[in-house]
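Participant: Once you know that position 599 of the sequence shown is 635 in the numbering used here, the rest is easy, because the numbers rise by one and skip nothing.
The C-beta atom is built at its ideal place from N, Cα and C for all residues, glycine as well.
Next up is a structure, given as structure tokens.
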Amino acid sequence: MTTPSSPFDLPPRLAAKTSPALIDRDERHFSRIADGIARVSTEVADTLAATLATAGGSGQQARERDLEVHRLTSRANALRRYALDLCLGRMVQTDATDPVYIGRLGLTGADGERLLVDWRSPAAEPFFGATHANPMGLASRRRYRWTRGRITDYWDEVFTPGSLEGEAALDDQSAFIASLGSSRSTRMRDVLGTIQADQDAIIRAGSQGALVVDGGPGTGKTVVALHRTAYLLYADPRLSRSRGGVLLVGPNAGYLAYVDDVLPSLGEEGVQVATLRDLVAEGGSAVAEVDARVAGLKASVGLVRAVETAIGLSETPPTRSSLIETPWCDVVVEPDDWAEAFDAADPGSTHNDARDEIWQALLTILEDKVRIATGDDPDEEESDDFDAYALRRDVQQPSLRRALAADATLRSAFARAWPLLDAPGLVAALLSDESLLRRCAPWLSDDDVSALHRQTGEWTVSDLPLLDAARQRLGDPHASAIRERREAAARVERERMNEVIDQLIETDDSELGIMKMLRGQDLRATLVDETAMPTVTPDQLAGPFSHIVVDEAQELTDAEWQMLLARCPSGSFTIVGDRAQARNGFDGSWQQRLERIGLERVAVASLSVNYRTPHEVMAEAEPVIRAALPDANVPVSVRSNGIPVRHGRPEQLPTIVDDWLDAHADGTVCVIGADFERPRVSSLSPELSKGLEFDLVVLVEPERFSAVDRYVAMTRATQQLVVLAS
Numbered sequence: 037m038t039t040p041s042s043p044f045d046l047p048p049r050l051a052a053k054t055s056p057a058l059i060d061r062d063e064r065h066f067s068r069i070a071d072g073i074a075r076v077s078t079e080v081a082d083t084l085a086a087t088l089a090t091a092g093g094s095g096q097q098a099r100e101r102d103l104e105v106h107r108l109t110s111r112a113n114a115l116r117r118y119a120l121d122l123c124l125g126r127m128v129q130t131d132a133t134d135p136v137y138i139g140r141l142g143l144t145g146a147d148g149e150r151l152l153v154d155w156r157s158p159a160a161e162p163f164f165g166a167t168h169a170n171p172m173g174l175a176s177r178r179r180y181r182w183t184r185g186r187i188t189d190y191w192d193e194v195f196t197p198g199s200l201e202g203e204a205a206l207d208d209q210s211a212f213i214a215s216l217g218s219s220r221s222t223r224m225r226d227v228l229g230t231i232q233a234d235q236d237a238i239i240r241a242g243s244q245g246a247l248v249v250d251g252g253p254g255t256g257k258t259v260v261a262l263h264r265t266a267y268l269l270y271a272d273p274r275l276s277r278s279r280g281g282v283l284l285v286g287p288n289a290g291y292l293a294y295v296d297d298v299l300p301s302l303g304e305e306g307v308q309v310a311t312l313r314d315l316v317a318e319g320g321s322a323v324a325e326v327d328a329r330v331a332g333l334k335a336s337v338g339l340v341r342a343v344e345t346a347i348g349l350s351e352t353p354p355t356r357s358s359l360i361e362t363p364w365c366d367v368v369v370e371p372d373d374w375a376e377a378f379d380a381a382d383p384g385s386t387h388n389d390a391r392d393e394i395w396q397a398l399l400t401i402l403e404d405k406v407r408i409a410t411g412d413d414p415d416e417e418e419s420d421d422f423d424a425y426a427l428r429r430d431v432q433q434p435s436l437r438r439a440l441a442a443d444a445t446l447r448s449a450f451a452r453a454w455p456l457l458d459a460p461g462l463v464a465a466l467l468s469d470e471s472l473l474r475r476c477a478p479w480l481s482d483d484d485v486s487a488l489h490r491q492t493g494e495w496t497v498s499d500l501p502l503l504d505a506a507r508q509r510l511g512d513p514h515a516s517a518i519r520e521r522r523e524a525a526a527r528v529e530r531e532r533m534n535e536v537i538d539q540l541i542e543t544d545d546s547e548l549g550i551m552k553m554l555r556g557q558d559l560r561a562t563l564v565d566e567t568a569m570p571t572v573t574p575d576q577l578a579g580p581f582s583h584i585v586v587d588e589a590q591e592l593t594d595a596e597w598q599m600l601l602a603r604c605p606s607g608s609f610t611i612v613g614d615r616a617q618a619r620n621g622f623d624g625s626w627q628q629r630l631e632r633i634g635l636e637r638v639a640v641a642s643l644s645v646n647y648r649t650p651h652e653v654m655a656e657a658e659p660v661i662r663a664a665l666p667d668a669n670v671p672v673s674v675r676s677n678g679i680p681v682r683h684g685r686p687e688q689l690p691t692i693v694d695d696w697l698d699a700h701a702d703g704t705v706c707v708i709g710a711d712f713e714r715p716r717v718s719s720l721s722p723e724l725s726k727g728l729e730f731d732l733v734v735l736v737e738p739e740r741f742s743a744v745d746r747y748v749a750m751t752r753a754t755q756q757l758v759v760l761a762s
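Following this line, the structure appears as structure tokens:
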């Protein structure tokens with residue numbers, strides 16, 4: 037019998053598993069874990085408070101402090117979130133007698149004892165990867181099933197015959213199989229404790245290049261992707277937040293809400309999570325593209341590249357000379373001057389950032405021309421104090437440069453040569469000007485150009501890759517104005533500080549003249565409060581990221597892939613999908629598709645075991661997809677629950693759902709193909725149901741949907757499927 041304070045709370049039918057010979061060792065170890073959690077929680081809280089109390093500093097110092105605050109906060113949250121259920125299970129190696137306990141986090145006792153090994157560490161790999169064909173040095177393994185902080189079942193496996201006799205409960209994988217049949221909720225279930233060997237091998241694969249996780253419904257593709265994300269952040273320092281971090285891209289907002297809890301439960305809270313719509317400012321209001329032909333044209337990489345061509349056409353140096361008048365002399369701006377200024381831009385700069393660089397280079401070229409023409413420096417000043425003179429030049433912009441910058445003729449010519457552009461304006465111009473579109477996309481037929489032509493209207497989902505490509509290439513059109521305001525504010529602040537310092541020096545009557553040290557420009561600069569200056573708010577989803585995880589990747593168009601490639605220059609991707617679930621078809625293999633869009637190193641790992649959907653449901657779903665895609669990767673179900681697929685008529689929907697809800701206090705229902713409101717019931721389209729799972733799925737009028745949509749809808753069920761047709 038377990039004591040009231042025991043973490044074990046097994047039901048009466050599992051009373052045999054409460055034998056002291058089976059659980060005494062665990063109970064003693066859990067007591068030490070509880071002490072360790074309490075001690076470490078206090079230490080982390082104290083360290084976090086001390087770190088937050090320190091000055092933020094600036095530059096690298098501020099960044100390092102922020103990263104440390106994030107690390108400590110994540111650790112504190114994880115410790116607060118879990119108690120003893122930090123522990124996933126234990127393993128006993130053939131050359132040892134004491135178990136090694138595996139946890140969501142690593143934990144060490146006050147005496148240095150290793151209480152929990154982090155599940156992502158190499159030492160924990162056998163716990164997930166061992167099989168009877170390859171025990172990986174294990175004698176046995178135990179997995180716990182936790183329910184509200186108590187162990188309600190556990191499952192033992194013995195890999196070495198005759199070992200641990202009387203110390204293991206062998207009952208046909210009870211914890212694992214029971215977890216597969218448990219009721220679903222609106223959040224993805226926690227399955228870390230039951231990760232299987234085939235899944236674990238993918239989770240721990242390296243981050244070089246692109247890894248495709250290919251698998252049919254219920255194979256745990258999403259589970260693998262999320263756990264792989266947490267593992268890579270732990271194991272690969274190149275993916276840390278300080279080096280770009282990880283972006284997880286899901287198919288829709290419902291999916292993101294469904295998986296929202298998973299990464300924090302695995303000890304990671306710093307992953308950026310988004311849909312493709314979220315990557316573009318116009319994504320939230322974009323509507324579907326109703327014209328299939330237009331959607332197909334915009335799905336190609338060609339139109340994305342046409343955006344680059346359109347931007348290039350706007351970057352045109354004047355070919356004629358012009359005369360600029362100044363108070364000192366007239367200066368001629370030659371075509372060669374423009375060409376030299378254009379060459380001064382950093383090749384990696386965006387269009388709008390390069391605009392500032394070119395403008396400053398042009399002013400410098402013209403300043404030099406005036407000085408050569410006059411034989412003098414219009415801004416020359418005599419000064420016995422070089423530092424003070426240099427600082428005054430910094431505070432008060434030289435009059436010649438100011439005069440050139442204010443010249444209306446020069447500014448007008450520059451605006452035509454290198455205009456300030458914004459993404460919506462550029463894409464709108466490209467799609468509304470047939471002549472421009474022909475110049476930028478000469479491969480388009482006249483019919484294609486006419487189909488793409490638009491005057492006004494809402495942005496569509498198909499426009500998003502074009503808008504994103506434009507924004508990536510153009511940069512922020514407001515950044516220049518913000519920088520100018522920041523520089524102006526800094527000049528005013530430095531001028532004010534100079535006046536204060538000059539007064540201090542004049543009134544300094546000390547023998548050593550200590551105040552004269554304030555003449556040093558570096559020291560003066562430190563007195564300017566840069567935190568009060570206007571700043572550009574960074575786009576957290578603009579990248580670059582060290583690694584990107586893409587779920588339901590079979591749905592992405594070639595153009596949409598460009599949005600992700602632009603955010604991950606290293607080409608390090610985890611790509612999750614199923615060719616059979618591609619709503620718009622899928623040409624060729626994964627390698628062919630990904631190489632076509634620009635990924636060079638592609639590996640494919642397949643999952644073929646269905647852990648979600650009962651055999652009874654898959655037996656009915658498989659012929660549906662085979663008829664449309666004979667080579668579909670249809671997985672084999674690992675379990676059968678004896679509940680046949682039910683058929684009926686649409687008018688039976690209320691009765692069927694209400695009866696199920698009355699009979700099941702827990703669990704979720706999804707009605708696909710009809711609007712139906714009840715607690716614990718979702719009404720979704722096949723597209724929006726992707727990646728989700730429900731205990732009962734009711735598919736209404738399935739003949740209205742394509743074979744792919746029917747297959748997707750049917751395989752959302754974890755317990756029962758009902759098909760209602762007229």
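Helix, strand or coil for threonine 754? Go by DSSP, reduced to three states.
Facilitator: DSSP places threonine 754 in strand when its eight states are reduced to three.
Participant: Using only the heavy atoms of the ligand NAD, determine whether one of them is closer than 7 Å to the beta carbon of threonine 255.
Facilitator: Judged by which ligands are present, the structure shown has none, so any question about the ligand NAD falls away.
Participant: Looking at the unbroken alpha helix (DSSP H) that takes in cysteine 129, where does it start and where does it end?
Facilitator: The sequence shown places glutamine at residue 129, rather than the cysteine named in the question. Taken as a continuous stretch (DSSP letters only), glutamine 129 belongs to no alpha helix (DSSP H), being part of the beta strand (DSSP E) at 123-129.
Participant: Could you tell me whether the Cβ atoms of glycine 684 and leucine 760 are closer together than 8 Å?
Facilitator: Going by C-beta atoms, glycine 684 is nearer than 8 Å to leucine 760.
Participant: Please report the residue range of the beta strand (DSSP E) in which leucine 174 lies.
Facilitator: From DSSP, the beta strand (DSSP E) with leucine 174 extends over 174-183.
Participant: Looking at the secondary structure, which residues open and close the alpha helix (DSSP H) in which phenylalanine 450 lies?
Facilitator: Its alpha helix (DSSP H) spans residues 444-453.
Participant: May I have the straight-line CA-CA distance separating glycine 709 from glutamate 193, to the nearest angstrom?
Facilitator: When rounded, the distance between both Cα atoms is 44 Å.
Participant: Here's the rule I'm using: 16 or more other beta-carbon atoms within 10 Å means buried, otherwise exposed. How should threonine 352 be labelled?
Facilitator: Classification for threonine 352: exposed.
Participant: Can leucine 333 and threonine 188 be called in contact, C-beta distance under 8 Å?
Facilitator: Taking 8 Å as the Cβ cut-off, leucine 333 and threonine 188 do not qualify as a contacting pair.
Participant: In terms of residues, what are the limits of the alpha helix (DSSP H) holding alanine 261?
Facilitator: 257-271 is the extent of the alpha helix (DSSP H) around alanine 261.
Participant: So who's on the other strand from glutamine 308, going by DSSP bridges?
Facilitator: Partner(s): Leu283.
Participant: With respect to the alpha helix (DSSP H) encompassing glutamate 361, which residues constitute its N-terminal and C-terminal limits?
Facilitator: From DSSP, glutamate 361 is part of no alpha helix (DSSP H) but of the beta strand (DSSP E) over 358-361.
Participant: Which residue comes first and which comes last in the alpha helix (DSSP H) that contains glycine 165?
Facilitator: Glycine 165 -> alpha helix (DSSP H) spans 161-165.
Participant: In whole angstroms, give me the CA-to-CA distance for valine 572 and alanine 506.
Facilitator: Confidence in valine 572 is poor, its pLDDT being 49 and thus under 50, which makes the residue's placement unreliable; the coordinate value appears in the next sentence. Whole-angstrom Cα-Cα distance: 19 Å.
Participant: Have a look at isoleucine 679 and serine 718 and give me their C-alpha separation to the nearest angstrom.
Facilitator: Rounded to the nearest angstrom, the two C-alpha atoms are 22 Å apart.
Participant: Between which two residues does the alpha helix (DSSP H) containing valine 707 stretch?
Facilitator: That residue, valine 707, is in no alpha helix (DSSP H); its beta strand (DSSP E) goes 705-708.
Participant: Buried or exposed: glutamine 244, going by 16 or more other Cβ atoms within 10 Å of its Cβ?
Facilitator: With fewer than 16 Cβ atoms within 10 Å of its Cβ, glutamine 244 is classed as exposed.
Participant: Considering only the beta carbon of each residue, do alanine 81 and alanine 112 sit closer than 8 Å?
Facilitator: Their beta carbons are under 8 Å apart, which means alanine 81 touches alanine 112 by this criterion.
Participant: Taking a contact to mean a Cβ-Cβ separation below 8 Å, would you say serine 582 touches glycine 384 in this structure?
Facilitator: Going by C-beta atoms, serine 582 is not nearer than 8 Å to glycine 384.
Participant: So, is arginine 178 buried or exposed, given that buried needs 16 or more other C-beta atoms within 10 angstroms?
Facilitator: Buried, since its Cβ has 16 or more Cβ neighbours within 10 Å.
Participant: Going by DSSP, which residues form a beta bridge with phenylalanine 730?
Facilitator: Ala753, per the DSSP bridge assignment.
Participant: Could you tell me how far apart the beta carbons of glycine 125 and phenylalanine 163 are, in whole angstroms, since I believe they sit closer than 8 Å?
Facilitator: Contact holds; Cβ gap of about 6 Å.
Participant: Tell me where the alpha helix (DSSP H) around tryptophan 15 begins and ends.
Facilitator: The requested residue 15 is not part of the displayed model; the chain covers only 37 to 762.
Participant: Which word fits serine 644, buried or exposed, when buried means at least 16 other C-beta atoms lie within 10 angstroms of its C-beta?
Facilitator: Exposed: under 16 other Cβ atoms inside 10 Å.
Participant: Relative to the C-alpha of glutamate 737, which candidate in Met750, Gly242, Val330 and Ser625 has its C-alpha closest?
Facilitator: Closest option to glutamate 737, Cα to Cα, is Met750.
Participant: Looking at alanine 803: is its Cβ nearer than 8 Å to the Cβ of leucine 665?
Facilitator: With the chain running from 37 to 762 in the structure shown, residue 803 is simply not present.
Participant: My parser needs the beta strand (DSSP E) runs of 3 or more residues fully inside the segment 592-672; what are they?
Facilitator: DSSP runs (the beta strand (DSSP E)) wholly in the segment 592-672: 609-613 and 638-643.
Participant: Give the single residue among Thr255, Asp62, Ser721 and Ala465 whose Cα lies nearest to the Cα of aspartate 134.
Facilitator: Of Thr255, Asp62, Ser721 and Ala465, the residue nearest in Cα terms is Asp62.
Participant: Starting from alanine 246, follow the beta strand (DSSP E) in both directions and report where the run begins and ends.
Facilitator: Alanine 246 -> beta strand (DSSP E) spans 246-251.
Participant: Is it right to say tryptophan 374 is buried, meaning 16 or more other beta carbons lie within 10 angstroms of its own, or is it exposed?
Facilitator: Under this definition tryptophan 374 is a buried residue.
Participant: Along the chain, where does the beta strand (DSSP E) that runs through aspartate 189 open and close?
Facilitator: First-last of the beta strand (DSSP E) with aspartate 189: 186-194.
Participant: Please name the residue, chosen from Arg632, Ala699, Phe741 and Val758, that lies closest to glutamate 687 on a Cα-to-Cα basis.
Facilitator: That would be Val758, whose Cα lies nearest to the Cα of glutamate 687.
Participant: To the nearest angstrom, report how far apart threonine 311 and leucine 592 are at their CA atoms.
Facilitator: Rounded to whole angstroms, threonine 311 to leucine 592 spans 11 Å at the Cα level.
Participant: Quick check: what's the CA-CA separation for serine 42 versus tryptophan 155?
Facilitator: For serine 42 and tryptophan 155, the distance between alpha carbons rounds to 24 Å.
Participant: Report the rounded CA-to-CA distance for arginine 632 versus glycine 411, giving the unit in angstroms.
Facilitator: Cα to Cα, the separation comes out at about 60 Å.
Participant: Ignoring anything shorter than 4 residues or poking outside the segment 315-366, list the alpha helix (DSSP H) runs there in chain order.
Facilitator: 328-334 and 337-349, all fully within the segment 315-366.
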